[in-house]
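A.B. asks: Chains as they are written, first to last, in the UniProt record's numbering: chain A, 1 to 407; chain B, 1 to 407. All C-beta atoms in this analysis are idealised placements derived from N, C-alpha and C, irrespective of residue type, glycine included. This structure is a prediction, so every number in the text was calculated from the model and none was measured.
1) For the segment 39 to 54 of chain B, which residues have a beta carbon sitting closer than 7 Å to at least one beta carbon of chain A?
2) Determine the closest residue to residue 68/A out of 110/A, 388/A, 90/A and 81/A, with distance taken between C-alpha atoms.
3) Can you give me the start and stop residues for the beta strand (DSSP E) that residue 396/B sits inside?
4) Could you name the residues of chain B that residue 243/A contacts, counting a contact when the two beta carbons are closer than 8 Å?
5) How long is the line joining the alpha carbons of residue 406/A and residue 239/B, rounded to whole angstroms?
6) Expressed to the nearest angstrom, what Euclidean distance is found between the alpha-carbon atoms of residue 366/A and residue 338/A?
7) Please report how far the alpha carbon of residue 369/A lies from the alpha carbon of residue 340/A, in whole angstroms.
8) Specify whether the segment 324 to 336 of chain A and the segment 1 to 12 of chain A touch according to this definition: at least 3 beta carbon pairs, one from each stretch, less than 8 Å apart.
9) DSSP on residue 47/B, reduced to helix/strand/coil?
10) What are the start and end residues of each continuous alpha helix (DSSP H) run of 4 or more residues lying completely inside the segment 125 to 155 of chain A, in chain order?
11) Using DSSP's beta-bridge definition, name the partner residues of residue 199/B.
12) Taking any Cβ of chain E, which residues in the segment 2 to 14 of chain A have a Cβ under 9 Å from it, in chain order?
13) Residue 146/A and residue 179/A look like a contact to me (Cβ under 8 Å); what is the Cβ gap, rounded to whole Å?
14) Write down every uninterrupted run of the beta strand (DSSP E) in the segment 4 to 74 of chain B whose length is 3 residues or greater and which is fully enclosed by it, in chain order.
15) Please name the residue or residues paired with residue 345/A in a DSSP beta bridge.
16) Is the distance from the Cβ of residue 19/B to the Cβ of residue 103/B below 8 Å?
17) Step through the CB atoms of chain B and report whether any lies within less than 8 Å of the CB of residue 85/A.
18) Identify the contact partners of residue 81/A in chain B, using a Cβ-Cβ distance below 8 Å as the criterion.
19) Give the range of the alpha helix (DSSP H) segment to which residue 291/B is assigned.
20) Report the neighbours of residue 130/B on chain A: residues whose CB is nearer than 9 Å to its CB, in chain order.
21) In terms of residue numbering, what span does the beta strand (DSSP E) encompassing residue 116/B cover?
22) Have a look at the DSSP bridge pairing and note the partners of residue 93/B.
23) Hey, is residue 406/B's beta-carbon within less than 8 Å of any beta-carbon in chain A?
24) Tell me whether residue 182/A, by its Cβ, gets closer than 7 Å to a heavy atom of the ligand COA.
25) Do residue 231/B and residue 188/B have their beta-carbon atoms positioned less than 8 Å apart in this structure?
26) Comparing the C-beta of residue 227/A with each C-beta of chain B, is any distance below 8 Å?
27) For residue 86/A versus residue 203/A, is the C-beta spacing smaller than 8 Å?
28) Could you name the residues of chain B that residue 275/A contacts, counting a contact when the two beta carbons are closer than 9 Å?
29) List the residues that DSSP assigns as beta-bridge partners of residue 356/A.
30) In terms of residues, what are the limits of the beta strand (DSSP E) holding residue 330/A?
31) In this structure, does DSSP put residue 2/B in helix, strand or coil?
32) Kindly indicate which three-state DSSP category residue 271/B falls into: helix, strand or coil?
33) Quick check: the Cα distance between residue 191/B and residue 164/B, rounded to an integer number of angstroms?
34) Between 63/B, 133/B and 345/B, which has its C-alpha nearest residue 13/B's C-alpha?
35) Roughly how many angstroms lie between the CA atoms of residue 312/A and residue 375/A, to the nearest whole one?
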């Protein structure tokens, strides 16, 4: 049968990069590509005990739940947000299947084809995919290491009258960069003035490395709250601070907005797994999650340092990067002659994988960039990963010398 | 801030009925409204043991999973489908957050605004909501107790050239009706001839009551497979045969279609809970799920008989219903003077709730109908529920006599 797919389906492209990276699964390739946390640090025993307590009864724990999610966990999420200065009631929180679903549901409720959305460039790949599927007009705002540039932002707010600004302002994906406090204030103020909603995506904010001067900056949602609120909707997740398999994220914002998102969620899947939500609620009741977050952050900082130091020791011509102060990624820019998408198959053949930076740009990519994840690979393998990357780069340079046309 | 929502958001209405039914939660109202399985029959201990085994390690069980779902469970789903005559490989199965998500993702990948979709009338409410949100042109096909009428179906296939036909052909929601085998063949043949995809939604098919002559009829997907396949996409769920809280359903169809759905799922939520999927896989390995299904079906049949017998004993003028041969619902039609949406608040005040039939119709509702769930209420409360319904009906009739305008 010949199936005619929707316009939306035609805007959900697969990528050649994903196909190459699929080849690395289960092989001996050291992957710095995925955005995966370290498995050996998962609080497996605490999670097991939490499920055990939940499933000790009553049997009603296995019944259908509310679309908005398990109420006690919504309370705990609201309480954790309060510690960061974000004031929301539990009824202003909806639990979702990871923060990815928060992004999708919000876009579904906001965007008609052609609506403009402002983003950083580069930005989170899967957000670009969602925005693309709703046929948003994706507009990049110029940024430096402190965040979006207010002048360019205001220009684009005036020019495009966007419905939404999407950003990962803390330990961002893919760059690892963190917006400065003054820039945060300027950006929230500007968006409030022009009536543009901000979606603050903050999956990494709690993974802060000691010694950084940008840990503990107020989230955009907290700054917006101080100004009267209603202009920032916030999404977070337990995927990075507990574990991804529990697939529990949340969206927090004004009651009106969150109620609308819940309506979308009801149509989308009725509700997410309440067993997982109840287990997280149990976990948060007894387990020292903050201690756990401190421990994984410490380990991730050490891995980042090893990766950075290995890269430095290679002294590649034209290579540069900023060490991130938290999160999971290091953003490496190579000499501008290098095309990292073309480098990838050589690297995979040598046994190391990364994500070519071009996929994170809505337009005009810098093709000499790559995203390196430092959290998933055991630290003793990081030097080998960089050595293999070095071999791939040498092969790349050699081929370039042999042929006037790059590989 | 004044938020302008998407056109889709404007097509996701809430309902007055849902608001009334919310009032019944946690009260002393006996609810025959929800589509809930019996909590006291949930296999709680087996589920707890399954999670325990999964969470005994390795820690990688907590890592991100594949968008398509946990491979061993996809194999087991394919094997269970094979027993019903549906031949799919595990790669033609995608695990979703309940079958609700299967419906949503398929519609997302198929439907542009204005595309026609054929449905039964009445049909599953949440499917109507999803179709409405994608602004489908929803067209009812005339039915009798054996299913859609082939003549009317062919007429509407010719007239509307629909992209999709959605149906719950076995122990349907809301009517409990089951299509006959010859009607199944005619409908699949017609849709194949006109190139219209069928979405067969089968959440209740395994909940068959002994003695019925329509248990074990081939699913539409099996009939389509015998004719060459590719024209039926099938969705099922563990919600009714294990428990809803695990939120695990599946969609099965041609590889091309299922691959497209997986792309939509990746944007929607990356993947569903893999812990829940692994726990179900464990459960299916050791637990006698078929024995459990037989036991709950036996109990549900008994409850349906009690409800039907209580209704019969009331001898309401004009009331009629067919006893369902499986599933969870009895569809009651009252005298045509009765408006069940107006009856609902009187019933809730008396301590019983139901779903007024009108919400299940895409258009031209029969307002004298209601859907009664017989699986969730303990059997000893069913007579009281019907007594309260009787009181509400008496009050309704009394008010009608007092006033020339109905309540």
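C.D. replies: Straight from the coordinates:
1) 39, 40, 42, 44, 47, 48, 51 and 52
2) 90/A
3) Residue 396/B -> not in any beta strand (DSSP E); alpha helix (DSSP H) instead, spanning 382 to 402.
4) 62 and 63
5) For residue 406/A, the pLDDT reaches just 48, beneath the cut-off of 50, and the residue's location in the model is therefore unreliable, although a value from the coordinates is still provided. Taking the straight line from one Cα to the other gives about 55 Å.
6) 10 Å
7) 6 Å
8) no
9) helix
10) 125 to 133
11) 166/B and 233/B
12) Looking at the structure shown, chain E is missing, and the protein chains on hand are A and B.
13) 6 Å
14) none
15) Answer is none; residue 345/A lacks a bridge partner.
16) no
17) no
18) Going along chain B, no residue has its Cβ under 8 Å from residue 81/A, so there is no contact; the nearest lies around 19 Å.
19) 289 to 314
20) 267 and 268
21) 116 to 119
22) 252/B
23) Because residue 406/B carries a pLDDT of 48, less than 50, the predicted location of this residue cannot be relied on, and no value is offered for it.
24) Judged by which ligands are present, the structure shown has none, so any question about the ligand COA falls away.
25) yes
26) no
27) no
28) 47, 51, 243, 245, 246, 247, 273, 275, 276 and 279
29) 370/A
30) 329 to 333
31) coil
32) coil
33) 9 Å
34) 133/B
35) 19 Å
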